[in-house]
Amino acid sequence: MINFSADADLHEWEYNYITSPPPCPFCNECAGDCVHVLLNIDKNANVCLSGWLYDLKMKEKIKFDISALIQEGHTPAISSKALQDLWQTAVDSFDPVYGIMNWDYISYYDLLDEHFKELCVIAYRYFSPEWGLDKKTVYDIYFAEKPEETIETFHHYIMDGLKMH
Ligand SMILES: [Zn+2]
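Residues 7 to 171, numbered by the working numbering, are exactly what the sequence shown covers, in order.
Now the structure itself:
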């Protein structure tokens, strides 16, 4: 779970019960699909709506790096549950012939929550009501000034965690 900063809490209140995400803190765009969106996710369904991490290509290199560790027979000492789950899913599903694996998206996004402050990512939670139902859909959106660099650093954190013995 994200520990929101005071600013983010203010945004949570301010944007409660509207369906669009907060404006981008870097370019003020309001549709949730500008170049600074790292991830825009429906938390109820765990469905990614937009952002750089929506793109499978962004994960090709880290999957390759993880497959190399698996093939080395590496056994990491992992302290984070999300990282352990990401690793275990990859190990259990790894196909050495094709070099492919299943990707545990929920744990991957949980890892973004674990690291978002060190990555200088600005995260907001916003909501939309489900009409006729006494509940609302929860969305989290993450903005970064330089998303490609941020993803590279994020993936370094993951690989550093996996290389621990
Ligand atoms: Zn923007």
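Beta carbons are placed, not taken as given, at the ideal position from N, Cα and C, and that holds for glycine.
In this text, all values refer to a predicted model and were calculated from it rather than measured experimentally.
Check whether the Cβ of Cys126 sits closer than 8 Å to any heavy atom of ligand 1, and report yes or no. Here residue 126 refers to the residue found at position 120 of the sequence shown. Not under cutoff, so the answer is no.
Flag Phe122 as yes when its Cβ comes closer than 8 Å to any non-hydrogen atom of ligand 1, and as no otherwise. Numbered from 1 along the sequence shown, position 116 holds the residue referred to as residue 122. No, since every heavy atom of ligand 1 falls outside the 8 Å radius drawn around the Cβ of Phe122.
To which residues does DSSP link Pro135 through a beta bridge? On the sequence shown, position 129 is the one that residue 135 refers to. Paired residue(s): Lys142.
With C-beta atoms as the reference, is Ala96 less than 9 Å away from Ile72? Residue mapping note: residue 96 aligns to position 90 of the sequence shown, counting from 1. Residue mapping note: residue 72 aligns to position 66 of the sequence shown, counting from 1. Closer than 9 Å, so yes.
What span of residues does the beta strand (DSSP E) with Val53 cover, start to end? Residue 53 sits at position 47 when you count from the first residue of the sequence shown. That run of the beta strand (DSSP E) goes 53-56.
Taking the alpha carbon of Pro27 as the point to measure from, which residue in Phe133, His121, Lys169, Thr156 has its own alpha carbon closest? In the sequence shown, residue 27 corresponds to position 21, counting from 1. Here the closest residue by C-alpha is Phe133.
Going by C-alpha distance, which of Lys65, Val41, Asn34 is nearest Met165? The count along the sequence shown starts at 1 and reaches residue 165 at position 159. When each option's Cα is compared against that of Met165, the closest is Lys65.
Taking DSSP as the reference, what is the three-state secondary structure of Leu125? Residue 125 sits at position 119 when you count from the first residue of the sequence shown. It is coil, neither helix nor strand.
Should Asn46 be counted as a contact of ligand 1 given a C-beta to heavy atom distance under 8 Å? One-based indexing of the sequence shown puts residue 46 at position 40. At a cut-off of 8 Å, the beta-carbon of Asn46 does not count as near ligand 1: no heavy atom of the ligand is closer than that.
Take the Cβ of Asn34 as the centre, count every other Cβ of all protein chains shown within 10 Å, and call the residue buried at 16 or more, exposed below. Residue 34 sits at position 28 when you count from the first residue of the sequence shown. Exposed, because fewer than 16 other Cβ atoms sit within 10 Å of the Cβ of Asn34.
Leu62 vs Leu45 beta-carbon contact at 9 Å: For the purposes of this step, residue 62 is identified with residue 56 of the sequence shown, where counting begins at 1. For the purposes of this step, residue 45 is identified with residue 39 of the sequence shown, where counting begins at 1. Leu62 is not a Cβ neighbour of Leu45, given a cutoff of 9 Å.
Starting from Ile47, trace the alpha helix (DSSP H) in both directions and tell me its first and last residue. Taking the sequence shown and counting its residues from 1, one reaches residue 47 at position 41. Note, Ile47: premise wrong, no alpha helix (DSSP H); beta strand (DSSP E) at 43-48.
Inside the segment 73-107 only - alpha helix (DSSP H) runs reaching at least 4 residues: 87-99
Using the Cα positions of Pro153 and Asp98, report the straight-line distance between them to the nearest angstrom. Within the sequence shown, numbered from 1, the residue matching residue 153 stands at position 147. Within the sequence shown, numbered from 1, the residue matching residue 98 stands at position 92. Rounded to the nearest angstrom, the two C-alpha atoms are 30 Å apart.
Mind checking Gly79: buried by the 16 CB within 10 Å criterion, or exposed? The residue labelled residue 79 in the question sits at position 73 within the sequence shown. Exposed: under 16 other Cβ atoms inside 10 Å.
Separation of Met170 from Ala51, as counted between CA atoms: Translated into positions along the sequence shown, residue 51 becomes position 45. Translated into positions along the sequence shown, residue 170 becomes position 164. Rounded to the nearest angstrom, the two C-alpha atoms are 33 Å apart.
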